[in-house]
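Residue numbers (the working numbering), protein chains in the order written: chain Z, 16 to 61; chain H, 291 to 614.
In this text, a Cβ means the ideal position worked out from N, Cα and C, and glycines have one as well.
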Amino acid sequence: MEKFWSKKRMFILIAVSFCGSITGRLAVRAVLNLLLGGTMIGGNLL
Amino acid sequence: MRKDVKNKRHTGLFVLLCIGVFILSAGCSAVFKMVYTPLQLRKYSAAWNEKVGTVYSDFSYGEKPANKFDLYVPADHTKENYGLIVYLHAGGFTTGDKKDDAKTLEYYCSLGYVTAGINYTLCTEQNPDANVYSQSMEIKKAMPLVVSEAEKLGCHIDRMAMAGGSAGGCLALIYAYRDAAEAPVPVKMVFEGVGPSSFYTEDWKSYGTDKDSKLAATLFGTMRGETIDPKIFGTEEYDEIMKPISPLLWVDDNTVPTVMAYGVYDKLQPYLGSVRLDAALTAHDIPHEYIVFEHSGHGLQNDNKQMIEYNKAILKYLDDYMGE
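Listed below in structure tokens is the structure:
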């Protein structure tokens with residue numbers, strides 16, 4: 016188990032989690048923009 | 291050999307874990323984005339309880355099932371006179387309900403105003419004859435009763451503001467600009483977001499009206515409740531037909547102060563219409579605030595900074611024009 020949680024894997028997991036968060040927010044913005052209009056960049060952060 | 295198998299298993303498990311974490315993070319952040327209200331915007335809502343006010347629901351103002359309104363009355367009954375804010379619901383003239391705006395109505399009531407949400411007959415399969423004009427006439431019909439019912443509840447109304455969002459914004463503008471002279475109490479101002487204010491084929495491009503005049507005649511004719519000949523677009527005759535539902539065409543030197551918010555990328559109603567309205571209000575020197583959401587569409591969803599500005603402008607105009 017000790018080998019499973021290497022520093023490299025922890026770092027990768029944090030990066031994946033960060034990418035997931037960004038993707039989630041962008042997905043909501045994209046869907047709303049598709050329905051109502053709006054830009055993907057600018058205004059609110061994400 | 292055994293070590294190799296173990297390593298491969300660990301790698302496989304880790305990849306699965308990464309996929310799971312990605313999906314979970316994306317889901318959580320999407321939900322968070324949908325439900326979270328930024329701190330700076332939270333002050334434009336109020337905790338509602340009997341110490342703040344009371345809601346009186348479903349007063350009837352006509353024979354049709356939708357002819358109902360709700361009144362939100364402040365708990366403080368000590369004032370001699372009260373201002374009334376009527377907030378009309380959104381829904382593209384085809385859906386929506388006064389209850390959708392309960393939070394907004396509660397907030398303005400918490401500021402000491404009597405507030406009212408009015409339902410109107412929606413244009414649906416069951417009500418094919420309903421249109422923007424008939425809806426505006428229902429709102430007009432409701433107003434004296436809204437004021438008299440507030441009176442019965444102990445709040446004497448001596449001034450009012452119209453407000454709404456989208457379809458409700460359009461109907462609020464129509465009442466404030468077209469019917470203010472016949473209102474039971476003086477209409478002091480209007481505030482609204484993304485309400486259509488005019489119906490020009492070249493503006494409503496997202497529906498293809500700039501390219502197909504028959505489609506435009508059907509769309510605008512349905513909204514107006516009249517048959518429109520596609521040949522009259524661009525003429526004074528067209529303006530005359532559409533005037534009863536076109537706030538823009540009622541702007542004159544007596545138009546009430548206006549706060550309005552529009553999204554540049556609006557797909558459901560044209561931003562260009564708001565540019566025309568801003569120009570008309572400016573030309574007649576009418577006090578107004580025109581807040582443009584540079585990155586947003588019909589939901590004004592991508593510009594919290596402008597949303598704060600919009601709310602601040604509303605409060606300033608309420609202080610300036612709806613004060614005792």
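What does the alpha-carbon distance come out to for the pair residue 57 of chain Z and residue 432 of chain H? Here residue 57 of chain Z corresponds to residue number 42 of the first sequence, with the count starting at 1. Here residue 432 of chain H corresponds to residue number 142 of the second sequence, with the count starting at 1. Distance between the alpha carbons of residue 57 of chain Z and residue 432 of chain H: 42 angstroms.
For chain H, is any of its Cβ atoms less than 7 angstroms away from the one on residue 36 of chain Z? What you label residue 36 of chain Z is simply residue 21 of the first sequence in a count that begins at 1. Taking Cβ atoms only, chain H reaches closer than 7 angstroms to residue 36 of chain Z, which makes this a yes.
Would you kindly report the start and end of the unbroken beta strand (DSSP E) that includes residue 347 of chain H? Numbered from its first residue, the second sequence carries residue 347 of chain H at position 57. Where residue 347 of chain H is concerned, the enclosing beta strand (DSSP E) stretches over 343-350.
Within 10 angstroms of its Cβ, does residue 482 of chain H collect 16 or more other Cβ (buried), or is it exposed? Position 192 of the second sequence, counting from 1, holds the residue named residue 482 of chain H. Note on residue 482 of chain H: 16 or more other CB atoms within 10 angstroms of its CB, so buried under the neighbour-count rule.
Does at least one heavy atom of the ligand COA sit under 6 angstroms from the Cβ of residue 450 of chain H? Ligands in the displayed structure: none, and consequently the ligand COA is not present.
Cα-Cα, which of Z:53, Z:45, Z:29 is closest to residue 311 of chain H? As a working mapping, residue 311 of chain H is identified with position 21 in the second sequence. Selected option, being the one with the closest Cα: Z:29.
Could you pull out every unbroken beta strand (DSSP E) segment of at least 3 residues lying fully inside the region 403-488 of chain H, listed in chain order? Listed in chain order, the complete beta strand (DSSP E) runs (minimum 3 residues) inside the region 403-488 of chain H are 404-408, 447-455, 477-483.
Taking the alpha carbon of residue 320 of chain H as the point to measure from, which residue in Z:35, Z:50, Z:23, Z:60 has its own alpha carbon closest? What you label residue 320 of chain H is simply residue 30 of the second sequence in a count that begins at 1. When the alpha-carbon of residue 320 of chain H is set against those of Z:35, Z:50, Z:23, Z:60, the nearest one is in Z:35.
Exposure of residue 303 of chain H, with buried meaning 16 or more beta-carbon neighbours within 10 Å: Here residue 303 of chain H refers to the residue found at position 13 when the second sequence is read from its first residue. With fewer than 16 other beta carbons inside 10 angstroms of its own, residue 303 of chain H counts as exposed.
Quick one: list the residues of chain Z neighbouring residue 591 of chain H, beta-carbon separation under 7 angstroms, in chain order. Translated into positions along the second sequence, residue 591 of chain H becomes position 301. Scanning chain Z for C-beta atoms nearer than 7 angstroms to the C-beta of residue 591 of chain H yields 47, 51, 53, reported in chain order.
Do you know offhand how far residue 334 of chain H's Cα is from residue 314 of chain H's? Your numbering for residue 334 of chain H matches position 44 in the second sequence. Your numbering for residue 314 of chain H matches position 24 in the second sequence. Approximately 32 angstroms, taken between the alpha carbons.
Between residue 528 of chain H and the rest of its own chain, which residues show a CB-CB distance below 6 angstroms, the 5 nearest in sequence each way excluded? In the second sequence, the residue the question calls residue 528 of chain H occupies position 238. Excluding residues within five positions, the ones whose Cβ falls inside 6 angstroms are 522.
As a quick exercise: from H:519, H:425, H:479, H:351, pick the residue whose alpha carbon is nearest that of residue 439 of chain H. For the purposes of this step, residue 439 of chain H is taken as the residue at position 149 of the second sequence. With distances taken between Cα atoms, residue 439 of chain H lies closest to H:351.
CA nearest to the CA of residue 376 of chain H, picked from H:398, H:446, H:510, H:489: To locate residue 376 of chain H, count along the second sequence from 1; it is residue 86. The candidate whose alpha carbon is nearest that of residue 376 of chain H is H:398.
Classify residue 360 of chain H as helix, strand or coil using the three-state DSSP reduction. Translated into positions along the second sequence, residue 360 of chain H becomes position 70. Reduced to three states, the DSSP call for residue 360 of chain H is strand.
For residue 325 of chain H, three-class secondary structure by DSSP: Here the question's residue 325 of chain H lines up with position 35 in the second sequence. Of the three classes helix, strand and coil, the one that applies to residue 325 of chain H here is helix, per DSSP.
Take residue 622 of chain H as the anchor and find which of H:450, H:489, H:458 has the nearest alpha-carbon. Given that chain H is displayed from residue 291 to residue 614, the structure contains no residue 622 of chain H and the question cannot be resolved.
Hey, how far is the Cα of residue 512 of chain H from the Cα of residue 454 of chain H? Here residue 512 of chain H is taken as the residue at index 222 of the second sequence, counted from 1. Here residue 454 of chain H is taken as the residue at index 164 of the second sequence, counted from 1. Computed Cα separation, rounded: 22 angstroms.
Indicate whether at least one CB of chain H lies closer than 7 angstroms to the CB of residue 28 of chain Z. Residue numbering aside, residue 28 of chain Z sits at position 13 when the first sequence is read from its first letter. With 7 angstroms as the cut-off, residue 28 of chain Z counts as an interface residue toward chain H.
Per-residue contacts from residue 18 of chain Z into chain H (C-beta, under 9 angstroms): The sequence position of residue 18 of chain Z within the first sequence is 3, counting from 1. Neighbours of residue 18 of chain Z on chain H, chain order: 296, 297, 300.
Let's test the definition: count the other Cβ atoms within 10 Å of the Cβ of residue 436 of chain H and tell me whether it reaches 16, buried, or not, exposed. As a working note, residue 436 of chain H is residue 146 in the second sequence. Taking all protein chains in view, the Cβ of residue 436 of chain H is crowded by 16 or more other Cβ atoms within 10 Å, so the residue is classified as buried.
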